[in-house]
Amino acid sequence: MSHLWELPLRLAFWLLVAPLVPGLINRIKAWVAGRRGPPVLQLYYDLARLWRKQVVKSPLASPGFILGPAVAWVAVVAAALLLPLGPAGSIAGFPGDALVLVYLLALARFATAWAAMEPGSAFEGMGVVREVSFAVLAEGSIIAALLALSAQAGSLRLDAMLAPMVGTGSALLAAGLFTVLLAENCRVPFDDPNTHLELTMIHEVMVLDHSGPPLAAILHGASVKLLLFSVLLVQAVLPVAGLPPWLAGAALLAGVLPVVVGIGLVESLLARLAFRRVPLLLTTAFLLCLFALLMAWKGGTA
Amino acid sequence: MNTSGLNLLIGLAMGLNLLALGSGRVSSLIRAVSFQGMALGAMPFLLSHEFSPWVTLVAIATMVGKGWVIPLLLGRAMRAAHIEREIDPLIGFVPSLLLGAGGTIAAIALARSLPLRPEHAGTLLVPGAVASILTGFILLIGRNKALSQVCGYLILENGIYLFGLLLIHATPLLVEAGILLDVTVGVFVIGIIVDRIQRAFDTLDTRKLTVLRE
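Chains as they are written, first to last, in this note's numbering: chain D, 6 to 307; chain R, 1427 to 1640.
In structure tokens:
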């Protein structure tokens, strides 16, 4: 594969495969509940429909209302491109790209929150407050998890870091990262993506006043972020990078699918937590990642 | 001695410590204590070099006592007293969880600087014991309800039991059996006392038990 073609190919992978993930999760939820459920490709149809619609704009909103979702989408896709894909490595690996990944995700969250406050609705301001206050706790866990990976690899390059440790540390890291995945992508124990109850919404509040192409960018960005976290989780636990290309692709697929099924099952079997219990679960995720960091740091003895 | 299996069990017990600190219901707290008791009961098997009927007997008695009899007694006391299932903590869940995690990390760091015997240097026995004792103290200090405090006391006792395992070849297991019997009787008595407190004061909140009455 020539270097010229690599970037478009990767971009196509992330952009085209990502909307499949929410479709699969909805399929699993429908299967557990005994419903027929929406088609797997539903999000593609939604995105195509939203793209053709016009934007309804609040008279209070500045151009930031349109710019916010665009910045968020670009930041998430850039973060996805930074993530190495198995033996193909990273497209632009440099020391410290793990930190850039964390900050790109933070930038995406900032831009979404900014755009949510543009219409001047107090309700969306409430959603922003909830989202950001949970994100503060979730970010600590991501940083602890990345530190654990970097401590055992002795490097801050993502492609070197994603060489998993073995044993208990890996299990702790997987549990912690999965919880963070649920929190960051607004899935069930933290937030309900299907909720229509105003008082319990978090992420859904923020996108309530968006319409047309900006909403499509938000929805697509959310699906890319979900795929990004699943791939990160799989590569943090499975030694994908050392395998031959086709085997690595199969391993990646075999790893992402259980994650997706796990999200679907969690959403089907758990109720969302009360707000005051959420910090406790996020603290637990942080501690799981912290203990994984300690095990990576002190070696196998402790 | 099966060190990795032993460390896995002690790591499990440490995880259950944190679970006990973070659990918001009395029943899940009792379940955490019972699982911890069972994990601890299995440890003499991994520590002893050859099969001995006496060790097997005490290990099985510990597993049955701590994993089944004591939780059963606590569950009965909980139902008899009709207490609320939610725990109302004096030290919040997140602070107590962070305290417990800090204590666990400090225990591991402390154990590295202690002059242990070579056969115990690679195991987590000492940090596990210290962490469990700290967890027990946090639960005893930070919870209001008598039943949660009993669970804290049981975790404290589990920590002492872990210390005792260091000397398993030196002390007669009769001592362990005696302690187990004492704990079971203690929990049995506490189950009755909990019922009495509930009847006399209409609550299990131990903060209200500060005034002596005729």
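Ideal Cβ placement from N, Cα and C applies to all residues, glycine included.
Contact belief for residue i with residue j at Cβ below 8 angstroms, rounded distance in angstroms
i, j, result
"residue 216 of chain D", "residue 60 of chain D", "6 angstroms"
"residue 1500 of chain R", "residue 1573 of chain R", "6 angstroms"
"residue 1469 of chain R", "residue 1591 of chain R", "6 angstroms"
"residue 1497 of chain R", "residue 1459 of chain R", "7 angstroms"
"residue 143 of chain D", "residue 188 of chain D", "4 angstroms"
"residue 252 of chain D", "residue 1448 of chain R", "About 40 angstroms separates the two Cβ atoms, so there is no contact after all."
"residue 287 of chain D", "residue 181 of chain D", "So it is not a contact: roughly 10 angstroms between Cβ atoms."
"residue 221 of chain D", "residue 52 of chain D", "5 angstroms"
"residue 88 of chain D", "residue 237 of chain D", "6 angstroms"
"residue 1450 of chain R", "residue 1519 of chain R", "7 angstroms"
"residue 111 of chain D", "residue 77 of chain D", "Their Cβ separation, rounded to whole angstroms, is 11 angstroms, which puts residue 111 of chain D and residue 77 of chain D out of contact at 8 angstroms."
Sequence-distant residues of its chain with Cβ nearer than 8 angstroms to residue i (five each side left out)
i, result
"residue 122 of chain D", "129, 130 and 133"
"residue 1472 of chain R", "1427, 1428, 1431, 1432 and 1435"
"residue 58 of chain D", "216, 217 and 218"
"residue 265 of chain D", "26, 29, 30, 33 and 235"
"residue 119 of chain D", "69 and 73"
"residue 245 of chain D", "91, 92, 167, 239, 253, 256, 257 and 260"
"residue 1546 of chain R", "1552 and 1592"
"residue 55 of chain D", "216, 217, 218, 220, 221 and 224"
"residue 1493 of chain R", "1460, 1461, 1463, 1464 and 1467"
"residue 1526 of chain R", "1443, 1444, 1447, 1557, 1560, 1561 and 1564"
"residue 37 of chain D", "269, 270, 273 and 274"
"residue 1597 of chain R", "1590"
Cut-off 6 angstroms between Cβ atoms - residues of its own chain near residue i, not counting five sequence neighbours on either side
i, result
"residue 184 of chain D", "290"
"residue 300 of chain D", "174"
"residue 297 of chain D", "153, 174, 177 and 178"
"residue 306 of chain D", "Because the pLDDT at residue 306 of chain D is just 44, under 50, the model does not fix this residue reliably, and the value given afterwards should be weighed accordingly. Counting only Cβ-Cβ distances below 6 angstroms, and skipping sequence neighbours, we find nothing."
"residue 151 of chain D", "103"
"residue 1461 of chain R", "1442"
"residue 1584 of chain R", "1462, 1466 and 1558"
"residue 43 of chain D", "31"
"residue 161 of chain D", "100, 101, 103 and 155"
"residue 145 of chain D", "291"
"residue 1530 of chain R", "1440 and 1557"
"residue 1566 of chain R", "1575 and 1578"
"residue 1627 of chain R", "1634"
"residue 1489 of chain R", "1464 and 1467"
DSSP beta-bridge partners of residue i
i, result
"residue 1515 of chain R", "R:1569"
"residue 1451 of chain R", "R:1512"
"residue 1631 of chain R", "R:1571"
Other residues of its chain near residue i: CB distance less than 7 angstroms, five sequence neighbours each side excluded
i, result
"residue 1620 of chain R", "1503, 1507, 1572, 1573 and 1630"
"residue 1375 of chain R", "Residue 1375 of chain R cannot be examined here, being either before or after the span of chain R that is shown, 1427 to 1640."
"residue 1484 of chain R", "1470, 1599, 1602 and 1603"
"residue 283 of chain D", "139 and 195"
"residue 191 of chain D", "198, 207 and 208"
"residue 275 of chain D", "193 and 194"
"residue 126 of chain D", "214"
"residue 149 of chain D", "291, 294, 295 and 298"
"residue 9 of chain D", "none"
"residue 62 of chain D", "70"
"residue 1595 of chain R", "none"
"residue 1437 of chain R", "1550"
"residue 35 of chain D", "41 and 42"
Any C-beta of chain B under 8 angstroms from that of residue i
i, result
"residue 1524 of chain R", "Reference to chain B is not applicable here, since the protein chains of this structure are D and R."
Taking three-plus beta-carbon pairs below 8 angstroms as touching, is the region 1610-1618 of chain R in contact with the region 1550-1559 of chain R? no
Take every Cβ of the region 274-291 of chain D, pair it with every Cβ of the region 159-170 of chain D, and state whether three or more of those distances are shorter than 8 angstroms. no
Output the residue ranges of the alpha helix (DSSP H) runs that lie fully inside the region 183-249 of chain D and measure 4 residues or longer, sorted by chain position. 208-211 and 217-242
Scan the region 111-164 of chain D and note each continuous alpha helix (DSSP H) run of 4 residues or more that stays entirely inside, going in chain order. You should have 127-158.
The region 69-76 of chain D touching the region 43-50 of chain D, judged by at least three CB pairs closer than 8 angstroms: no
Three or more C-beta pairs below 8 angstroms linking the region 1570-1589 of chain R and the region 1517-1536 of chain R: The region 1570-1589 of chain R vs the region 1517-1536 of chain R: no contact.
In the region 1489-1548 of chain R, which residue ranges form an unbroken alpha helix (DSSP H) of at least 4 residues, counting only runs that do not cross its ends? 1496-1507, 1519-1538 and 1544-1547
Pairs of beta-carbons, one from the region 219-239 of chain D and one from the region 81-98 of chain D, closer than 8 angstroms: are there three or more? yes
Does the region 248-258 of chain D touch the region 16-28 of chain D, meaning 3 or more C-beta pairs lie closer than 8 angstroms? no
Threshold first: 3 residues or longer. Then list the beta strand (DSSP E) segments lying entirely within the region 74-100 of chain D, N to C. Counting whole runs of 3 or more residues, the region 74-100 of chain D contains no beta strand (DSSP E) stretch at all.
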